[in-house]
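Visitor:
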Amino acid sequence: MNTPQPVEAVVALRGVHKQFGAVRAIDGIDLALAPGECVGLVGHNGAGKSTLVNLINGTLKPSQGEIDSHVTRGGRGSAIRSVFQELSLCPNLSAAENLRIAHPTLKGLGWRRRAGAEIRTSLDQVFPGHGIDTDARVDTLSIAQRQMIEIAIGFAPRGGQARLVILDEPTSSLDAGIAEQLLAHVERFCAEGGTVVFISHMLGEIFRVASRIVVMQDGRVVAERESAGFDRDSLVDAMGHVAQHAPSGEQRRHAEGSAPAGAASETVIEDAAGLSARRGEIVGLAGLAGHGQAEALAKLYFAGTSGWRAPRKPRMAFVAGDRGRDGVLPLWSILRNLSLSVLPAGARRGAVDRRAEATLGREWQQRIGIRSDDLGNPITSLSGGNQQKVLFARALASSAPIVVMDDPMRGVDVGTKQEVYALIRAEADAGRTFLWYSTETEEVCQCDRVFVFRDGKISAELSGAEISEERILAASFEMQEN
Numbered sequence: 431m432n433t434p435q436p437v438e439a440v441v442a443l444r445g446v447h448k449q450f451g452a453v454r455a456i457d458g459i460d461l462a463l464a465p466g467e468c469v470g471l472v473g474h475n476g477a478g479k480s481t482l483v484n485l486i487n488g489t490l491k492p493s494q495g496e497i498d499s500h501v502t503r504g505g506r507g508s509a510i511r512s513v514f515q516e517l518s519l520c521p522n523l524s525a526a527e528n529l530r531i532a533h534p535t536l537k538g539l540g541w542r543r544r545a546g547a548e549i550r551t552s553l554d555q556v557f558p559g560h561g562i563d564t565d566a567r568v569d570t571l572s573i574a575q576r577q578m579i580e581i582a583i584g585f586a587p588r589g590g591q592a593r594l595v596i597l598d599e600p601t602s603s604l605d606a607g608i609a610e611q612l613l614a615h616v617e618r619f620c621a622e623g624g625t626v627v628f629i630s631h632m633l634g635e636i637f638r639v640a641s642r643i644v645v646m647q648d649g650r651v652v653a654e655r656e657s658a659g660f661d662r663d664s665l666v667d668a669m670g671h672v673a674q675h676a677p678s679g680e681q682r683r684h685a686e687g688s689a690p691a692g693a694a695s696e697t698v699i700e701d702a703a704g705l706s707a708r709r710g711e712i713v714g715l716a717g718l719a720g721h722g723q724a725e726a727l728a729k730l731y732f733a734g735t736s737g738w739r740a741p742r743k744p745r746m747a748f749v750a751g752d753r754g755r756d757g758v759l760p761l762w763s764i765l766r767n768l769s770l771s772v773l774p775a776g777a778r779r780g781a782v783d784r785r786a787e788a789t790l791g792r793e794w795q796q797r798i799g800i801r802s803d804d805l806g807n808p809i810t811s812l813s814g815g816n817q818q819k820v821l822f823a824r825a826l827a828s829s830a831p832i833v834v835m836d837d838p839m840r841g842v843d844v845g846t847k848q849e850v851y852a853l854i855r856a857e858a859d860a861g862r863t864f865l866w867y868s869t870e871t872e873e874v875c876q877c878d879r880v881f882v883f884r885d886g887k888i889s890a891e892l893s894g895a896e897i898s899e900e901r902i903l904a905a906s907f908e909m910q911e912n
């Protein structure tokens, strides 16, 4: 009887540490990634996931320990591919031209034609029926389409074969239908012998595709076993809690039959298309990505804020989902990014009150759990999820009575999400109005009233007990009476 040979790991880490000055980002990790498995990597923002990914793909070298790999690591021809949460496409190039950057052997006459064919084939395999113009400049595409292109480049042959693909929050800008296409492709890729590291704060996706789950906390692996050995509660417990106080039980929308907080209040915003919101109400915008929700929000926001001079008391605040393009000021500190919305109100004779600014920063760092030892550090020193927390703090710290949120939970961990849900509900109960577009149905179901969009128009208006995943999906695919 032949004894089965052990499977050789694609990459193996043994006793790996990584320090940045006095900060210990990775603290003694042992991890092996085998062919044919999908490893779900979870942990709160700042747990060390991004640093671990950069050690695996060869971008960083360990301060201590060993990394053994049986495939090429680092460089454009690597068999290890990384698709990061912060999209890295060149906005002034097409999808085909972006593929060329990651494809060192694509040279000579006609390379654009060959690059176009390769990226279209990869898009067709991962996202059938995607409808993306691969010759269009990337900056003319939606954030969902840009994320799809980046994923397709990760799985494309590129003169070799992808052996290990690391997906960091790959569905954060994708609606449920497109996300399902990606999850199905991950399953096919692993069934054919590929390896995937899947990082997501959407635990349902982790349980769907991961054969093994690795939990990180403070740079260490604190739990690791087959997916069947976890349920949702035990996985959240293993991740640990990031907040000092437990989230309120009122984070869900009001119970069936009860009225929203602002139901009897005046309408504070409405447009000709039928979108409206009352004082103290949380209004959701739902539907498949790219059907006009972001455009409707932008139209309302610009109509309410346009002006060459910022008022001392702004009417609206904005939380961007595409933080790299619309939210973060990368040359500024964490504190300055956070306090930007309140600087005019707190200024004295045109000068910033530094003491009040520092107090505001400390307050919101504690309230929303921004992981940094020094708010004077650059905003880019934070993980993507912690950058998003800064954008939430910026909006909620302002005096604006209306907050517009464009898919704002991209890359935010499950614990922080619950805290933010509770903050939003408390602010709404105090009279603040929220307009909230999200690609996550779970988030839309937190709202008092929901407008479902299809083909740039409102296909349904749901409220109270009518708000459910089934009703939202039905209205997304089939026009109904308003």
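646 is the number that our numbering gives to position 216 of the sequence shown; each next residue is one higher, with no gaps. All residues carry an ideal CB built from backbone N, CA and C; glycine is no exception.
(1) Under a Cβ-count criterion, where at least 16 other Cβ atoms within 10 Å of its own Cβ denotes burial, should residue 662 be classed as buried or exposed?
(2) Would you mind sorting residue 631 into buried or exposed? The rule is 16 or more other CB atoms within 10 Å of its CB.
(3) Does the stretch 806-819 come into contact with the stretch 856-871, if we say contact requires no fewer than three beta-carbon pairs (one atom in each stretch) closer than 8 Å?
(4) Could you tell me which residues DSSP pairs with residue 713 in its beta bridges?
(5) Provide the residue span of the beta strand (DSSP E) that contains residue 644, from first to last.
(6) For residue 811, would you say it is in contact with chain D, using Cβ-to-Cβ distances shorter than 8 Å as the test?
(7) How big is the Cα-Cα spacing for residue 848 and residue 827?
(8) Taking three-plus beta-carbon pairs below 8 Å as touching, is the stretch 448-459 in contact with the stretch 648-661?
(9) With DSSP collapsed to three states, give me the class of residue 461.
(10) Whose C-alpha, out of 628, 866, 626 and 720, is nearest the C-alpha of residue 731?
(11) May I ask you to report which of helix, strand or coil DSSP gives residue 449?
(12) Provide the residue span of the alpha helix (DSSP H) that contains residue 664, from first to last.
(13) Excluding five sequence neighbours on each side, which residues of the same chain lie with their C-beta closer than 6 Å to the C-beta of residue 475?
(14) On the criterion of 16 or more Cβ atoms from any shown chain inside 10 Å, does residue 875 qualify as buried, or is it exposed?
(15) What span of residues does the alpha helix (DSSP H) with residue 396 cover, start to end?
(16) Going straight from the alpha carbon of residue 882 to that of residue 703, what length do you get?
(17) So the beta strand (DSSP E) residue 835 belongs to, where does it begin and stop?
(18) Could you tell me how far apart the beta carbons of residue 713 and residue 878 are, in whole angstroms, since I believe they sit closer than 8 Å?
(19) From 719, 519, 580 and 444, pick the residue whose C-alpha is nearest to that of residue 499; which is it?
(20) Quick one: Cα of residue 534 to Cα of residue 899, how far?
(21) Per DSSP, residue 468 forms a beta bridge with which residues?
(22) So residue 522 and residue 565 are in contact, right, with Cβ under 8 Å, and what is the actual spacing, rounded?
(23) What is the rounded straight-line gap between the Cα of residue 479 and the Cα of residue 885?
(24) Starting from residue 656 and walking both ways along the beta strand (DSSP E), at which residues does that stretch end?
(25) Using 8 Å for Cβ pairs, my map puts residue 581 next to residue 600. What's the rounded Cβ distance?
(26) Go ahead and label residue 473 buried or exposed: buried means 16 or more other beta carbons lie within 10 angstroms of its beta carbon, across all protein chains shown.
(27) Can you give, in chain order, each stretch of the beta strand (DSSP E) that sits fully within the stretch 576-638 and has at least 3 residues?
(28) What is the DSSP secondary structure of residue 703, counted as helix, strand or coil?
(29) The alpha helix (DSSP H) with residue 769 in it runs from where to where?
(30) Leaving out five residues before and five after residue 540 in sequence, what residues of the same chain have Cβ atoms less than 8 Å from its Cβ?
(31) Considering only the beta carbon of each residue, do residue 869 and residue 604 sit closer than 8 Å?
(32) With a threshold of 16 other CB atoms inside 10 Å of the CB of residue 448, please say whether the residue is buried or exposed.
(33) Between which residues of its own chain and residue 562 is the CB-CB distance below 8 Å, once the five residues before and five after are set aside?
(34) Leaving aside the five residues before and after residue 481 along the sequence, list all residues of the same chain whose C-beta is less than 6 Å from its C-beta, in chain order.
(35) Could you pull out every residue in the same chain whose Cβ sits closer than 6 Å to the Cβ of residue 716, ignoring the five residues on either side in sequence?
(36) Would a C-beta distance cut-off of 8 Å place residue 470 and residue 644 closer than the cut-off?
Guide: Short version:
(1) By one-based count along the sequence shown, residue 662 stands at place 232. Residue 662 should be labelled exposed.
(2) By 1-based counting over the sequence shown, the position of residue 631 is 201. Buried, by the Cβ-count rule.
(3) As far as the Cβ criterion goes, the stretch 806-819 does not touch the stretch 856-871, which means the pair count is below three.
(4) Here residue 713 refers to the residue found at position 283 of the sequence shown. Per DSSP, 865 and 879.
(5) For the purposes of this step, residue 644 is taken as the residue at position 214 of the sequence shown. Segment 642-647, the beta strand (DSSP E) holding residue 644.
(6) Among the protein chains of the structure shown there is no chain D, as only one such chain exists.
(7) Residue mapping note: residue 848 aligns to position 418 of the sequence shown, counting from 1. Residue mapping note: residue 827 aligns to position 397 of the sequence shown, counting from 1. Those two C-alpha atoms are separated by around 18 Å.
(8) Verdict: yes, contact present.
(9) For this step, residue 461 is matched to residue 31 along the sequence shown. Assignment of residue 461 by DSSP, reduced to helix, strand and coil, places it in the strand class.
(10) The sequence position of residue 731 within the sequence shown is 301, counting from 1. Checking every option, the nearest Cα to that of residue 731 belongs to 866.
(11) Here residue 449 is taken as the residue at index 19 of the sequence shown, counted from 1. Looking at residue 449 - three-state DSSP - the assignment turns out to be strand.
(12) Walking along the sequence shown from the start, residue 664 turns up at place 234. Counting along the chain, the unbroken alpha helix (DSSP H) around residue 664 starts and ends at 662-669.
(13) One-based indexing of the sequence shown puts residue 475 at position 45. So the qualifying residues of the chain are 813, 815, 816 and 843.
(14) Along the sequence shown, one-based indexing puts residue 875 at 445. Around the beta carbon of residue 875, 16 or more other beta carbons lie within 10 angstroms, which makes this residue buried.
(15) The question about residue 396 has no answer, for the chain in this structure spans 431 to 912.
(16) Translated into the one-based positions of the sequence shown, residue 882 becomes position 452. Translated into the one-based positions of the sequence shown, residue 703 becomes position 273. For residue 882 and residue 703, the distance between alpha carbons rounds to 12 Å.
(17) By one-based count along the sequence shown, residue 835 stands at place 405. First-last of the beta strand (DSSP E) with residue 835: 832-836.
(18) On the sequence shown, residue 713 is found 283 positions in, with the first residue counted as 1. On the sequence shown, residue 878 is found 448 positions in, with the first residue counted as 1. Correct: roughly 7 Å between the Cβ atoms.
(19) Mapped onto the sequence shown, residue 499 falls at position 69. For residue 499, the closest C-alpha among the options 719, 519, 580 and 444 is that of 444.
(20) Residue mapping note: residue 534 aligns to position 104 of the sequence shown, counting from 1. Residue mapping note: residue 899 aligns to position 469 of the sequence shown, counting from 1. Rounded to the nearest angstrom, the two C-alpha atoms are 45 Å apart.
(21) For the purposes of this step, residue 468 is taken as the residue at position 38 of the sequence shown. According to DSSP, which records beta bridges pairwise, residue 468 is partnered with 626.
(22) The sequence position of residue 522 within the sequence shown is 92, counting from 1. The sequence position of residue 565 within the sequence shown is 135, counting from 1. At roughly 13 Å, the Cβ-Cβ gap does not stay under 8 Å, so residue 522 and residue 565 are not in contact.
(23) Locating residue 479 in the sequence shown gives position 49, where the first residue counts as 1. Locating residue 885 in the sequence shown gives position 455, where the first residue counts as 1. Cα-Cα distance, rounded: 38 Å.
(24) Looking up residue 656 in the sequence shown gives position 226. Following the DSSP letters along the chain, one finds residue 656 inside the beta strand (DSSP E) bounded by residues 650-656.
(25) Reading the sequence shown from its first residue, position 151 is the one you call residue 581. Reading the sequence shown from its first residue, position 170 is the one you call residue 600. Indeed they touch by this definition, with Cβ atoms about 6 Å apart.
(26) In the sequence shown, residue 473 corresponds to position 43, counting from 1. By the neighbour-count rule (16 or more Cβ atoms within 10 Å), residue 473 is buried.
(27) Fully enclosed beta strand (DSSP E) runs of no fewer than 3 residues occupy 594-598 and 625-629 of the stretch 576-638, in order along the chain.
(28) Your numbering for residue 703 matches position 273 in the sequence shown. Three-state result, residue 703: coil.
(29) For the purposes of this step, residue 769 is identified with residue 339 of the sequence shown, where counting begins at 1. Under the DSSP assignment, residue 769 falls in the alpha helix (DSSP H) whose first and last residues are 764-769.
(30) Along the sequence shown, one-based indexing puts residue 540 at 110. Correct list: empty, nothing qualifies.
(31) Numbered from its first residue, the sequence shown carries residue 869 at position 439. Numbered from its first residue, the sequence shown carries residue 604 at position 174. Against a cut-off of 8 Å, the Cβ pair of residue 604 and residue 869 comes out as a contact.
(32) Counted from its first residue, the sequence shown places residue 448 at position 18. By the 16-neighbour rule on beta-carbons within 10 angstroms, residue 448 is buried.
(33) Position 132 of the sequence shown holds residue 562. Excluding residues within five positions, the ones whose Cβ falls inside 8 Å are 525, 553, 571, 575, 578 and 579.
(34) Here residue 481 corresponds to residue number 51 of the sequence shown, with the count starting at 1. Same-chain partners within the cutoff: 448, 455 and 456.
(35) Taking the first residue of the sequence shown as position 1, residue 716 is located at position 286. 874, 880, 882 and 902.
(36) Taking the sequence shown and counting its residues from 1, the one referred to as residue 470 is at position 40. Taking the sequence shown and counting its residues from 1, the one referred to as residue 644 is at position 214. Yes, Cβ-Cβ distance for residue 470 and residue 644 is below 8 Å.
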